[in-house]
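Here the sequence shown is numbered in our numbering, starting from 4 and rising by one per residue.
Ideal Cβ placement from N, Cα and C applies to all residues, glycine included.
Computed from a predicted structure; not experimentally measured.
Here the structure comes first, spelled out in structure tokens, and everything after it is commentary.
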Amino acid sequence: MADRDGFIWYDGKLVPWREATTHVLTHSLHYGLAVFEGVRAYNTVKGTAIFRLAEHTQRLINSGKIYMMDIPYSKQELMDAQLEVVRANKLESCYLRPIAFYGSEKMGISTRDSKVHVAVAAWPWGAYLGEEGLEKGIRVKTSSYARHHVNVTMPRAKMAGTYPNSILANLEVTREGYDEALLLDTQGFVAEGAGENLFVIKDGKIYEPEIASALTGITRDSVIRVATEFGLEVQSKRLTRDDIYIADEAFFTGTAAEVTPIRELDNRTIGEGRRGPITEKIQARFFDIVNGRAPEYESWLAFV
Ligand code: PMP
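In structure tokens:
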């Protein structure tokens, strides 16, 4: 990732991609506290636009607030930086990664006297769980690793140190040939995927796990809006893994994963074992919205 052309916004200015480096004594590298976002820009019918830029930027600021990390830029400056990066790299569609981290000013757990640095990179990134996954659905396995307890890391924050848990879960199941991991909470109820929120459909109703130890996904929020538009209310409740085994349909949502159907969990076929009809309808609407084909959702698009 480091050896390529282009520009990264780094502490207020664009720097050549290869020069956007940090020292090995960077505090966040040692202690894991960095807050970040995953954002996508789509090549819409009206030109390139970042999807839900304001919401992602607000979540970044909120993540900083939760961890008492004062990001030294305003929301507007952070939004402008993201737009600038897409423009500077002449990207039609891309994934964006804003990150705020503590620098190499000091060592030791306390963040006092550390400086917060901010970078924004952007690069082309296709379907995270594969084009085939989007169409045919993916195979998921429940991980033996539990999602963080709500008083261990703060689940409303998108924070780097949360992710070794996702990595362990993902490695565990992908080594056995599954596409993605599902994580349960410390009480054994369904939490979320390694990098996705989950929805299930049963008898025409949509359910999601209670958002306790899961990230409050922005794609999740978009899908809830779309479902409401279709007259389908999304009910949050405690879900067990066997609720998913006997569901008619299930799908993951995420900025990277977009809307990805799940065709199998723990070797049980879900529904017909392919993208279900409600999932397909929601997915199609989602892609219409992000690609600018749904004018009523234009306020979710920040044109570059
Ligand atoms: N849960 C986790 C753990 C994630 O990393 C992500 C991706 N950011 C999500 C859920 C989905 O969130 P969003 O739709 O905002 O990308």
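If I'm right that residue i touches residue j with Cβ under 8 Å, what's the distance once you round it to whole angstroms?
| i | j | result |
| --- | --- | --- |
| Leu17 | Tyr105 | Actually they are not in contact, since the Cβ atoms of Leu17 and Tyr105 sit about 22 Å apart, beyond 8 Å. |
| Ala149 | Leu187 | 6 Å |
| Glu58 | Ile221 | 5 Å |
| Ala160 | Val38 | 6 Å |
| Leu201 | Glu211 | 7 Å |
| Ala44 | Leu99 | 7 Å |
| Val42 | Leu56 | 7 Å |
| Met157 | Ile69 | 5 Å |
| Gly136 | Asp182 | 6 Å |
| Leu132 | Thr263 | 5 Å |
| Thr25 | Ser107 | 7 Å |
Leaving out five residues on either side along the sequence, give the residues of the same chain with a beta carbon under 6 Å from the beta carbon of residue i.
| i | result |
| --- | --- |
| Arg241 | Phe192, Glu213 |
| Lys49 | Gly295 |
| Ala297 | Asp291 |
| Ala130 | Leu137 |
Using CA coordinates, which residue listed in the options is at the minimum distance from residue i?
| i | options | result |
| --- | --- | --- |
| Lys109 | Pro101, Ala230, Val119, Ile102 | Val119 |
| Ala23 | Met82, Tyr98, Ile102 | Ile102 |
| Leu174 | Ser147, Asp8, Pro19, Gly164 | Ser147 |
| Lys78 | Arg90, Ser302, Val88, Ile64 | Ile64 |
| Glu261 | Tyr181, Glu138, His151 | Glu138 |
| Arg277 | Glu267, Gln85, Gln286 | Glu267 |
| Ala5 | Ile11, Arg21, Gly136 | Arg21 |
| Asp14 | Tyr166, Gln85, Arg7 | Gln85 |
| Ala163 | Arg271, Gly198, Arg90 | Gly198 |
| Val153 | Thr177, Pro127, Glu299, Ser216 | Ser216 |
| Glu134 | Val307, Glu275, Ala259 | Ala259 |
| Asn46 | Val293, Ala184, Val27 | Val293 |
| Asp269 | Ile247, Val42, Gly207, Lys68 | Ile247 |
| Glu195 | Lys208, Gly207, Asn168, Glu179 | Asn168 |
| Ser302 | Pro280, Arg271, Thr282, Ser225 | Ser225 |
| Thr145 | Arg244, Asp116, Ile209 | Arg244 |
| Pro280 | Leu304, Glu299, Arg223, Ile209 | Ile209 |
Which residues in the same chain have their Cβ closer than 8 Å to the Cβ of residue i, if we skip the five residues on either side of it in sequence?
| i | result |
| --- | --- |
| Thr114 | His30, Leu36, Met71, Met72, Tyr105 |
| Val307 | Ala44, Gly50, Thr51, Ala52, Ile53, Leu86, Val89, Arg90 |
| Asp206 | Asp251 |
What did DSSP end up calling residue i once you bin it into helix, strand or coil?
| i | result |
| --- | --- |
| Phe192 | coil |
| Phe255 | strand |
| Gly136 | helix |
| Asn200 | strand |
| Asn92 | coil |
| Tyr210 | strand |
| Val27 | coil |
| Val176 | helix |
| Arg43 | strand |
| Val38 | strand |
| Thr51 | strand |
| Tyr166 | helix |
| Lys161 | coil |
| Arg142 | strand |
| Ile11 | strand |
| Ala184 | strand |
| Pro298 | helix |
| Asn18 | The sequence given here places Val at residue 18; Asn does not occur at that position. DSSP places Val18 in strand when its eight states are reduced to three. |
| Ala149 | coil |
| Ala287 | helix |
| Ala57 | helix |
| Ala84 | helix |
By Cβ distance, which residues of its chain are closer than 7 Å to residue i, with the 5 residues on each side in sequence left out?
| i | result |
| --- | --- |
| Ile265 | Gly140, Ile141, Val143, Ala253, Phe254, Phe255, Ile273 |
| Val229 | Ile285, Arg288, Phe289 |
| Gln61 | Lys78 |
| Trp12 | Ala84, Glu87, Val88, Ala122, Val123 |
| Tyr34 | Ile112 |
| Asp8 | Trp20 |
Whole alpha helix (DSSP H) runs in the stretch 213-274 with 4 or more residues, listed along the chain?
Those alpha helix (DSSP H) runs which fall completely within the stretch 213-274 and span 4+ residues are 221-232, 244-248.
Which whole runs of the beta strand (DSSP E) in the stretch 90-127 are 3 residues long or more, in chain order?
Listed in chain order, the complete beta strand (DSSP E) runs (minimum 3 residues) inside the stretch 90-127 are 97-105, 119-126.
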